[in-house]
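Chains as they are written, first to last, in our numbering: chain A, 1 to 181; chain B, 182 to 564; chain C, 565 to 858. Every residue gets a Cβ at the ideal spot worked out from N, C-alpha and C, and that includes glycine. Worksheet: the structure to be examined is printed underneath.
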Amino acid sequence: MERCRLVFSGSGGQGVITAAIVLAEAAVIHEGLISVQAQSYGPEARGGATRSDVIISDSEIYFPKVNQPNVLVCLTQEAYNKFYTIIRPGGLLITDTRFVKTVEKVDARQRELPMYETVMEKIGKPIVFNILMLGALISLTEAVRPESVMKVIETRIPPAFLEMNRKSLQMGVDLGREFRS
Amino acid sequence: MGKKIKFIQGNEVVVEAALYAGLDFYAGYPITPSTEIAEHMSVRLPKIGGKFIQMEDELASLCAIIGASLTGHKVMTATSGPGFSLMQESLGYAIMAEIPCVIVNVQRGGPSTGLPTSVAQGDVGQALWGTHGDHAIVAMTASNHQDMFSVTVDAFNIAETYRTPVILLFDEVVGHMRERIFMPEPGEIPLMERLRTSIKEGIDYHPYLPREDGRLPMSDFGGVHRYNVTGLAHDMWGFPSNNPKVVHGLLRHLIDKINNNANQLLRYKEYYLEDARTVLISYGASARSALHVVESRRRRRGERIGLLELQTLWPFPFSIVRQKCANAKYVVVVEMNMGQLLQPVRMAIDPPEKVYLANRIDGVFITPTDIRSVLRLIQGKGM
Amino acid sequence: MDGILDWGILDWKIRNPEIRNPKSEIEVIMAVKDYIRKRFFPHMWCPGCGHGIVLNSLLRAVEQLGMRKNEIVMVSGIGCSSRISGYVDFHTLHTIHGRALAFATGVKMSRPELNLIVPMGDGDALSIGGNHFIHAARRNINITAVVMNNRIYGMTGGQYSPLSGFGTLATTAPYTNIDQDFDVAELSQAAGASFVARTTTYHVKQVIDLLKQAIQHKGFSVVEVLSQCPTYFGRKNKIGDAVEMMEHFKENTTPKGSKAKKENPDLIERGIFVQKDIPEYCAEYSKIIEKVSG
Numbered sequence: 001m002e003r004c005r006l007v008f009s010g011s012g013g014q015g016v017i018t019a020a021i022v023l024a025e026a027a028v029i030h031e032g033l034i035s036v037q038a039q040s041y042g043p044e045a046r047g048g049a050t051r052s053d054v055i056i057s058d059s060e061i062y063f064p065k066v067n068q069p070n071v072l073v074c075l076t077q078e079a080y081n082k083f084y085t086i087i088r089p090g091g092l093l094i095t096d097t098r099f100v101k102t103v104e105k106v107d108a109r110q111r112e113l114p115m116y117e118t119v120m121e122k123i124g125k126p127i128v129f130n131i132l133m134l135g136a137l138i139s140l141t142e143a144v145r146p147e148s149v150m151k152v153i154e155t156r157i158p159p160a161f162l163e164m165n166r167k168s169l170q171m172g173v174d175l176g177r178e179f180r181s
Numbered sequence: 182m183g184k185k186i187k188f189i190q191g192n193e194v195v196v197e198a199a200l201y202a203g204l205d206f207y208a209g210y211p212i213t214p215s216t217e218i219a220e221h222m223s224v225r226l227p228k229i230g231g232k233f234i235q236m237e238d239e240l241a242s243l244c245a246i247i248g249a250s251l252t253g254h255k256v257m258t259a260t261s262g263p264g265f266s267l268m269q270e271s272l273g274y275a276i277m278a279e280i281p282c283v284i285v286n287v288q289r290g291g292p293s294t295g296l297p298t299s300v301a302q303g304d305v306g307q308a309l310w311g312t313h314g315d316h317a318i319v320a321m322t323a324s325n326h327q328d329m330f331s332v333t334v335d336a337f338n339i340a341e342t343y344r345t346p347v348i349l350l351f352d353e354v355v356g357h358m359r360e361r362i363f364m365p366e367p368g369e370i371p372l373m374e375r376l377r378t379s380i381k382e383g384i385d386y387h388p389y390l391p392r393e394d395g396r397l398p399m400s401d402f403g404g405v406h407r408y409n410v411t412g413l414a415h416d417m418w419g420f421p422s423n424n425p426k427v428v429h430g431l432l433r434h435l436i437d438k439i440n441n442n443a444n445q446l447l448r449y450k451e452y453y454l455e456d457a458r459t460v461l462i463s464y465g466a467s468a469r470s471a472l473h474v475v476e477s478r479r480r481r482r483g484e485r486i487g488l489l490e491l492q493t494l495w496p497f498p499f500s501i502v503r504q505k506c507a508n509a510k511y512v513v514v515v516e517m518n519m520g521q522l523l524q525p526v527r528m529a530i531d532p533p534e535k536v537y538l539a540n541r542i543d544g545v546f547i548t549p550t551d552i553r554s555v556l557r558l559i560q561g562k563g564m
Numbered sequence: 565m566d567g568i569l570d571w572g573i574l575d576w577k578i579r580n581p582e583i584r585n586p587k588s589e590i591e592v593i594m595a596v597k598d599y600i601r602k603r604f605f606p607h608m609w610c611p612g613c614g615h616g617i618v619l620n621s622l623l624r625a626v627e628q629l630g631m632r633k634n635e636i637v638m639v640s641g642i643g644c645s646s647r648i649s650g651y652v653d654f655h656t657l658h659t660i661h662g663r664a665l666a667f668a669t670g671v672k673m674s675r676p677e678l679n680l681i682v683p684m685g686d687g688d689a690l691s692i693g694g695n696h697f698i699h700a701a702r703r704n705i706n707i708t709a710v711v712m713n714n715r716i717y718g719m720t721g722g723q724y725s726p727l728s729g730f731g732t733l734a735t736t737a738p739y740t741n742i743d744q745d746f747d748v749a750e751l752s753q754a755a756g757a758s759f760v761a762r763t764t765t766y767h768v769k770q771v772i773d774l775l776k777q778a779i780q781h782k783g784f785s786v787v788e789v790l791s792q793c794p795t796y797f798g799r800k801n802k803i804g805d806a807v808e809m810m811e812h813f814k815e816n817t818t819p820k821g822s823k824a825k826k827e828n829p830d831l832i833e834r835g836i837f838v839q840k841d842i843p844e845y846c847a848e849y850s851k852i853i854e855k856v857s858g
């Protein structure tokens, strides 16, 4: 497979780092791939633009950071403004319609998805916003299978919340499918 | 297959490895970027009947594990630059009193408070000469989770074998990143247990009289032998002495037991050194970027370039460095400081003028591009 | 040569005529001697120093409690007081300046069945070691801290300590000391120690009694013993020789809650200030282990 370099960005509390870890762990544990995940720490991780890098590959990864992502997720305007310039030309840039106004000049496939709107409309709880986003992302990139993601979520979340997460992930997958092209 | 794969942070790997090695006492104080070690320890230790304590500061943390080591436990503390500075006095105590212990320093930017959440390798020199007085030290590092595990287990083995503090100089990048690790099975990595005295109660036990092989059998505090432990220069009984002969013998013992066993303490990895005309020497997270450059240059342009990744930094492996770089036209030390390991490398290599530095000191993880630009400069246009 | 006869015991006999029953005295001496490392005597303290009386009292306390040598760990720091650990035949850990309680915490927590006694000087305990002191007290870990307060740094030659007090003289306070001092008993109470007591080297029977109670107490215990340093504090402040300094202890102290204190508030109170039963650190950690293990 081609090496997939992803950057997840947003603000503290949106769960972007958790989403990044879940994706990377799914790739390693359930897909037999190699992956590394890194993130920004400290004051910058509490509010402001949060960032987490993930690389997924079938060969050893030495340099663990992402300079030019081929997949960039921005869940706030601040994160978008800060990071949209680093996207690899022709890469995939996923934003949320509620939080981000995109600019035209970006050399990337920009996909503006109503993720937050969907989660609030159908689930009513913003807590699974990140899982819906992850569903959309794996649907658009085919980085890992939804079952693998679900298996990781099962190890992290109390059984009572599993159904809500499963639904959100599936909604994300469906939403992503609509935006493939 | 069948091996347990985990996807965890480097700091958590250190915890798993320490427990694998038999650690059952940890004292520490929170400091970025090492804090996850304390957090995971606080969860894991009581579950196996071990003890975790959050002390009032780093000074106290190292003191507390020294106390616990004396009662017969395998012990560790973890910190970062500012905390490591505070530990220097008791580090000297552990050296002088020959107390087995492991000190993890997950390095961040310095000096002073520096860059708490950014990577650096600026404490390499401090690990060697941070505490006062003449002494020898063991300091090790690793660049990936699998090696962090085995190096950490080795650190405990060395601490017990040589009755010495061992410093693990990790860094923010390897400490915080997550990657795959195959968890070693019990028994897969050999463990060194503490050498305890076989002398029976009522017979004189000399706590600081080395055996012929230089090792000092210990007796646990609270056991049948009562003796004195001090940071003062001391005799074979552990009592203060300023007899020049005794003091000379003690200092030679402390230094020789490490430096004369440098070969046993040596850990390194090599990549493509058989034909390398350009040898990169690196360690810790920097070695990841160095290896990236080596792999991509060999693959893309067939360049004869290799990497010597050092895992034992102190005692410095002079002979290995000299030997592995004998046929190199250029040697480039890749590190995130102003050349703290460059200096001993230059001492090891003749002529020292062929040794260059590729570094970064701004808190940003050194990139393959950074290394390539240094290589372009020193290799000239023809390359 | 039995050095112990040279200092504390003679002193004690002279000042405590009621214990002059020869039979019991011999018994006591024979047993107490077993707790010392005879070959290191005579000790290194100056003539007239109060620290020998503290050592003597401590040995008697341990002997009267019938403690075995192997169950006692003495941890000390740096300074005149810390040398006490060299003279006793326990497990002894002579550490670095100010940090004895941190080492002791590691020993105690890893082997809670051991008895930890930490003799400390005033500078050791409350200047360089002040933070460790208050945190050990706060945790209420079962350690006995004996603060041998001679109000001066003796080992380095007479500099003022945080307990010297306003208006005293020292080699580093040649124009009088403008540093206010701590009240060790009040500080210990405020920090959370569950047993706090004070006495002086003049009141040697009380030293023994308080040490016995402190050692038996389950929790962090502090015994402050005002101890004379005739060489530096006494001479610098013109209080006189050792005997005069001890007279000073006699005249300027009073039992806690006494009438004399009400009449003369400047008197220093002796006795037990706090003695309470609150959760002990190691016992609480054992409960956590029990809860989460297995």
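Could you check the C-alpha separation between residue i and residue j for me, to the nearest Å?
i         : j         : result
HIS615(C) : LEU733(C) : 21 angstroms
ILE439(B) : ASP841(C) : 49 angstroms
GLY91(A)  : ASN165(A) : 28 angstroms
SER422(B) : VAL428(B) : 7 angstroms
VAL300(B) : LEU831(C) : 58 angstroms
ALA79(A)  : VAL16(A)  : 11 angstroms
PRO531(B) : GLY290(B) : Note on identity: in this sequence residue 531(B) is Asp, with Pro being the wrong assignment. Going from the Cα of ASP531(B) to the Cα of GLY290(B) covers about 32 angstroms.
THR459(B) : GLN504(B) : 14 angstroms
LYS769(C) : SER621(C) : 8 angstroms
CYS793(C) : GLY612(C) : 7 angstroms
VAL287(B) : ASP53(A)  : 20 angstroms
HIS357(B) : THR345(B) : 27 angstroms
GLY706(C) : PRO498(B) : A quick correction: the sequence has Asn, not Gly, at residue 706(C). If I take the Cα positions, the gap works out to 46 angstroms.
PRO227(B) : THR817(C) : 47 angstroms
ARG247(B) : VAL652(C) : According to the sequence as given, residue 247(B) is Ile; it is not Arg. Using only the alpha carbons, I get a separation of about 21 angstroms.
GLU476(B) : PRO89(A)  : 25 angstroms
SER645(C) : PRO683(C) : 7 angstroms
GLU709(C) : ALA668(C) : Inspection of the sequence shows that residue 709(C) is occupied by Ala rather than by Glu. When rounded, the distance between both Cα atoms is 10 angstroms.
ALA245(B) : ILE61(A)  : 39 angstroms
ILE593(C) : GLU270(B) : Summary for ILE593(C): the model assigns pLDDT 48, below 50, so the residue's position carries little reliability; its value from the coordinates is reported in the next sentence. About 40 angstroms.
THR541(C) : VAL786(C) : Outside the displayed span of chain C (565 to 858) sits residue 541(C), for which this structure offers no information.
PHE560(C) : TYR408(B) : This structure leaves residue 560(C) out entirely; chain C is present only between 565 and 858.
GLY295(B) : GLN307(B) : 15 angstroms
Any idea which residues DSSP pairs residue i with across the strands?
i         : result
LYS187(B) : ILE362(B)
PRO819(C) : ARG834(C)
ALA219(B) : DSSP output for ALA219(B) lists no bridge partner at all.
ARG111(A) : ILE94(A)
ARG541(B) : ARG541(B) pairs with nothing; no bridge assigned.
ASN713(C) : LEU790(C)
LEU488(B) : TYR452(B) and LEU461(B)
ARG5(A)   : ILE55(A)
THR50(A)  : GLY10(A)
Confirm the yes/no value for this check: CB of residue i, any heavy atom of the ligand SAM, distance under 7 angstroms.
i         : result
ASP531(B) : Within the structure as shown, the ligand SAM is missing, as the structure has no ligands at all.
Worksheet item: Which parts of the segment 271–330 of chain B are runs of the alpha helix (DSSP H), unbroken and 4 residues or longer, counting only runs that do not cross its ends?
Response: For secondary structure counted as the alpha helix (DSSP H) over 4 or more consecutive residues, the segment 271–330 of chain B holds these complete runs in sequence order: 305–310.
Discussion item. To be precise: take each residue of the segment 14–35 of chain A, compare its Cβ to all Cβ atoms of chain B, and keep it if any distance is under 8 angstroms. Which residues remain?
Written reply: Listed by position along the chain: ILE21, ALA24, GLU25, VAL28, ILE29, ILE34 and SER35.
Item to complete: Could you run through the segment 235–267 of chain B and flag, in chain order, every residue whose CB is less than 9 angstroms away from some CB of chain C?
Response: Per Cβ criterion, the list reads MET236, GLU237, ASP238, LEU240, ALA241, SER242, LEU243, CYS244, ALA245, ILE246, ILE247, GLY248, ALA249, SER250, LEU251, THR252, GLY253, HIS254 and VAL256.
Worksheet item: Using 8 angstroms as the threshold, is the segment 147–163 of chain A in touch with the segment 321–338 of chain B, meaning 3 or more CB pairs across them?
Response: In short, these stretches do not touch, since the Cβ pair count stays below three.
Item to complete: Anything in the segment 448–470 of chain B with a Cβ closer than 9 angstroms to a Cβ of chain A? List those residues in chain order, please.
Response: Result list: ALA466, ALA468, ARG469 and SER470.
Worksheet item: Touching or not, the segment 211–223 of chain B and the segment 353–372 of chain B, by the rule of three or more beta carbon pairs under 8 angstroms?
Response: Verdict: yes, contact present.
Worksheet item: Using a Cβ cut-off of 8 angstroms, which residues of the segment 395–414 of chain B contact any Cβ in chain A, in chain order?
Response: Cβ contacts with chain A: none found.
Practice prompt. Would you list, in chain order, the members of the segment 420–447 of chain B that have their beta-carbon closer than 9 angstroms to a beta-carbon of chain C?
Written response: Those would be PHE420 and PRO421, in chain order.
Practice prompt. Can you give me, in chain order, the residues of the segment 209–222 of chain B that have a beta carbon less than 7 angstroms from any beta carbon in chain C?
Written response: Cβ contacts with chain C come from no residue of the segment 209–222 of chain B.
Practice prompt. Could you tell me which uninterrupted beta strand (DSSP E) segments, each at least 3 residues in length, are contained entirely in the segment 749–806 of chain C, listed from first to last along the chain?
Written response: With a minimum length of 3 residues, the continuous beta strand (DSSP E) runs that stay inside the segment 749–806 of chain C are 759–764 and 785–790.
Item to complete: With 9 angstroms as the C-beta to C-beta threshold (strictly closer), list the residues of the segment 116–132 of chain A near chain B in chain order.
Response: Across the segment 116–132 of chain A, no CB contact with chain B closer than 9 angstroms is found for any residue.
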